[in-house]
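Scroll down for the structure; my scribbles are underneath it.
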Amino acid sequence: MSVDTSAIAPLLQMRAVTYGYKASLPPIMEDIDLDIASGEFFVLLGPSGCGKTTILNQVAGFVHPQRGELLVKGERITKPGPDRAVVFQGHDSLLGWLTVRQNIEFPLRVAGVAKSQRRRRVDHVLELVELGAQEAKFPHELSGGMKQRVQIARGLVTDSRMLLMDEPFGALDAQTRSSLQLELSAIWERERRTVLFITHDIAEAVILADRVGVMSAGPRAYLHSIVTIDLPRPRTRTPEFNALVDRLEATVTAAKARRPLEKEDAA
Amino acid sequence: MTSSRTLLGLSGVLAAVLLWAAGAALTANTALLPGPVGVAGSFGELLAQESTRADVVGTLRRAALGFGIGTAGGILVGAAIGAFALVRRLLNPYLNFLRMVAPIAWIVPATIWLGVGEPSILFVVVYAAAFPVAINTISGIASVEPDKLRMSRAVGSSPGGTFFRILIPAAVPYVLAGARLALGLSFMAVVGAEMVVGQSGLGHLIYSARTFSDTSTMFAGIVLLGLVGYLADVVFLTVRRTVFARYNAGREVG
Chain A
1 MSVDTSAIAP LLQMRAVTYG YKASLPPIME DIDLDIASGE FFVLLGPSGC
51 GKTTILNQVA GFVHPQRGEL LVKGERITKP GPDRAVVFQG HDSLLGWLTV
101 RQNIEFPLRV AGVAKSQRRR RVDHVLELVE LGAQEAKFPH ELSGGMKQRV
151 QIARGLVTDS RMLLMDEPFG ALDAQTRSSL QLELSAIWER ERRTVLFITH
201 DIAEAVILAD RVGVMSAGPR AYLHSIVTID LPRPRTRTPE FNALVDRLEA
251 TVTAAKARRP LEKEDAA
Chain B
1 MTSSRTLLGL SGVLAAVLLW AAGAALTANT ALLPGPVGVA GSFGELLAQE
51 STRADVVGTL RRAALGFGIG TAGGILVGAA IGAFALVRRL LNPYLNFLRM
101 VAPIAWIVPA TIWLGVGEPS ILFVVVYAAA FPVAINTISG IASVEPDKLR
151 MSRAVGSSPG GTFFRILIPA AVPYVLAGAR LALGLSFMAV VGAEMVVGQS
201 GLGHLIYSAR TFSDTSTMFA GIVLLGLVGY LADVVFLTVR RTVFARYNAG
251 REVG
């Protein structure tokens, strides 16, 4: 089930976004235009160094484009805000002196949510990520996969509009990664939160995405193409699945070489 | 494992006492170097005296008060320097100059400003305790992972909220390492100050024993001082292991 992107105004709009570290150097990315619909699971795929993470950091409001603009619900992004929750790549963002429950509760405490409501919200997301039995543990007592589930729960605990995920499963072993991919897909189906997910793993993109945006290599990286993944969830390795993986692989190869996708690529 | 370690520790103490006894026997002059038996006798006499308890309590009170005030001040100054670039540029040169001045050197100006008495001693102890805490707090704040700060901003924390909810708790292990150093320095400072201006306390006890050429009592005072400091450190480590357990993130500490 993919989302009909034309019916509703996009939640996130990127307009001619150009980003570089220095005005004297060629920009990392140039003239990125992208709309992400409310409730959509959008995956950004691309080679390392193309600026995928920089796009996420601009949406989060950590950094700002040199030119162009980013809008959430029509409002320009100027700084980080609780409407855009971030799930980081490593585990550094977890607070080692707080329990699992207290870590997940952190955004609600900052927002000044009342105790009874905090309890209810945290109970709900603990159940979603299946960490109820671990709620009193400290981060150092958890496996890598559990730590990422704590981060996901922390991202879901507020009523943020968007979840920004920067290669959240990149550091996990293959087995943990694939089970977390299926879990995330199921959680997304229940919660319908808009997700911007960064990865360089093609199969991961096909498992999770409504649409996949493929970035070209940098500098002056551009959004090479957008591929719609119209498969039922949960997604398993069907022939259709494999065909989409092949097509994305060809697209990534073309994008790396900064040339359009040709007929023989897809064959 | 533990019992063999205790045994090793005890045999080390025993070896030192034997060496000391041999040295004292060779010197054969109790006014210069009394033997362990003589010092043990003086130690017993000290413990039996009413005034000794007042000396120990006095020294402990000054050390604890100075340590407490100095640690609190060190955390405040260190956190401000660590978190705000402007404060860092303003205060860092002073910090690095002043921390090189021995605390006991300040006893002279302190007596001019505060008089010969308790406030001057406290001044020196606070001075001694504040620097290691401040310097460790600065390192603690500098070593906070950037993702923690970004997470805090992303959930909408104010700079003040990030300071109290992220920076300070993340720096706790460093602050405690500095505070342990500060505890030792507080004892050194208080004893030094008591020797110069005190009318009571272990420093005064040791110094006056020397004045009366009671070398044995002087050494007994030094042993008592070491014991009191050692016990204070044990208490500190216990507090760190229990009260602050959650900040150690599973690391073995003290």
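As they're listed, the protein sequences go chains A and B. According to the working numbering, the stretch in the first sequence is residues 1 to 267, in order. According to the working numbering, the stretch in the second sequence is residues 1 to 254, in order. Think of the CB as a built atom: it goes at the ideal place given N, C-alpha and C, for glycine as much as any other residue. Since the model is a prediction, treat every value here as computed from it, not as a measurement.
Q. GLN199/B to VAL17/B, Cα distance in whole Å?
A. 32 Å
Q. How is the alpha helix (DSSP H) around GLU183/A delimited, first residue to last?
A. 174–191
(Q) Is there a C-beta anywhere in chain C that falls below 8 Å from the one on MET151/B? (A) Looking for chain C here will not work: the only protein chains present are A and B.
Q. Mind pulling the alpha helix (DSSP H) runs of 4 or more residues that sit fully within the region 96–151 of chain B?
A. 107–114, 118–142
Q.
Residues in the same chain with beta-carbon distance under 7 Å from GLY209/B, minus the five sequence neighbours each way, listed in chain order, please.
A. Note that residue 209/B is Ala in the sequence shown, not Gly. Contacts found: THR217, MET218, GLY221.
(Q) When you compare the region 48–57 of chain B with the region 105–116 of chain B, are there three or more beta-carbon pairs, one atom per stretch, that lie closer than 8 Å? (A) Segments in contact, no.
**Q.** Run of the beta strand (DSSP E) containing HIS224/A, from where it starts to where it stops
**A.** 223–228
Q. Where does GLY160/B land, buried or exposed, given buried means 16+ other C-beta within 10 angstroms?
A. exposed
(Q) I'd like to know if MET1/A contacts chain B, where contact means its C-beta is closer than 8 Å to some C-beta of that chain. (A) Its pLDDT being 49, under 50, MET1/A is placed unreliably in this model, and the coordinates cannot settle the point.
**Q.** Alpha-carbon spacing of LEU8/B relative to GLY229/B, whole angstroms
**A.** Using only the alpha carbons, I get a separation of about 22 Å.
Q. Alpha carbon to alpha carbon, what distance is there between ASP35/A and TYR19/A?
A. 18 Å
Q) What residue range is occupied by the uninterrupted beta strand (DSSP E) comprising GLN13/A? A) 12–19
Q | Spatial distance of VAL239/B from HIS91/A (CA atoms) | A | Distance between the alpha carbons of VAL239/B and HIS91/A: 28 Å.
**Q.** Bridge-paired residues (DSSP) for ALA64/B
**A.** None; ALA64/B has no bridge partner.
Q) Anyone know if the C-beta pair for LEU45/A and ALA205/A falls short of 8 Å? A) yes
Q) So with Cβ pairs under 8 Å, would you call GLU50/B a contact of chain A? A) no
Q. So does the region 56–63 of chain A actually touch the region 78–95 of chain A, counting three or more Cβ pairs closer than 8 Å?
A. yes
Q | Rounded straight-line distance, which links the Cα of GLU249/A to that of PHE42/A | A | A straight-line Cα-Cα distance of about 17 Å links PHE42/A and GLU249/A.
Q: Could you work out which residues of chain A lie near GLY140/B, taking near to mean beta carbons separated by less than 8 Å?
A: Under the 8 Å cutoff, chain A gives no residues; its nearest Cβ is about 13 Å from GLY140/B.
(Q) I want to see whether chain B comes within less than 8 Å of GLU141/A, judged by CB atoms only; does it? (A) yes
Q: Look at the alpha carbon of VAL276/B and the alpha carbon of TYR207/B, and state the distance between them as a whole number of angstroms.
A: Summary: the structure shown does not reach residue 276/B, with chain B confined to residues 1 through 254, and so no result is reported for it.
Q. Starting from LEU45/A and walking both ways along the beta strand (DSSP E), at which residues does that stretch end?
A. DSSP places LEU45/A inside the beta strand (DSSP E), whose first and last residues are 41–45.
**Q.** Residues in the region 153–168 of chain B having any Cβ partner in chain A nearer than 8 Å
**A.** From the region 153–168 of chain B, only ARG153, ALA154, VAL155, GLY156, SER157, GLY161, ARG165, ILE166 have a Cβ closer than 8 Å to chain A.
Q. Which runs of the alpha helix (DSSP H) spanning at least 4 residues fall entirely within the region 88–132 of chain A, listed in chain order?
A. 100–110, 115–128
(Q) Quick check: the Cα distance between ARG211/A and GLY218/A, rounded to an integer number of angstroms? (A) 22 Å
**Q.** First and last residue of the uninterrupted alpha helix (DSSP H) at GLU45/B
**A.** 36–48
Q) Which chain A residues sit within Cβ distance under 8 Å of GLU145/B? A) ASP92, SER93
Q. Under 8 Å between the Cβ atoms of VAL133/B and ALA179/B?
A. yes
**Q.** For ILE75/B and ALA85/B, the rounded distance between their alpha carbons
**A.** 16 Å
Q.
Quick check on the DSSP output: the beta strand (DSSP E) that includes LEU70/A runs from which residue to which?
A. It spans 67–72 - the beta strand (DSSP E) in which LEU70/A sits, taken as one unbroken run.
Q | Coil, strand or helix - THR5/A by DSSP | A | For THR5/A, the predicted model reports a pLDDT of 49, less than 50, meaning its position is unreliable; a value from the coordinates is still stated below. Of the three classes helix, strand and coil, the one that applies to THR5/A here is coil, per DSSP.
Q) Helix or strand or just coil, what does DSSP make of PHE84/B? A) It is coil, neither helix nor strand.
Q. Measuring CA to CA, which of GLY192/B, THR215/B, ASP214/B, SER213/B is closest to HIS204/B?
A. Of the candidates GLY192/B, THR215/B, ASP214/B, SER213/B, GLY192/B places its Cα closest to the Cα of HIS204/B.
Q. For ALA177/B, does the count of other Cβ atoms within 10 angstroms reach 16, so buried, or fall short, so exposed?
A. buried
Q | Any chain A beta carbon closer than 8 Å to TYR247/B | A | yes
Q) DSSP on GLY213/A, reduced to helix/strand/coil? A) strand
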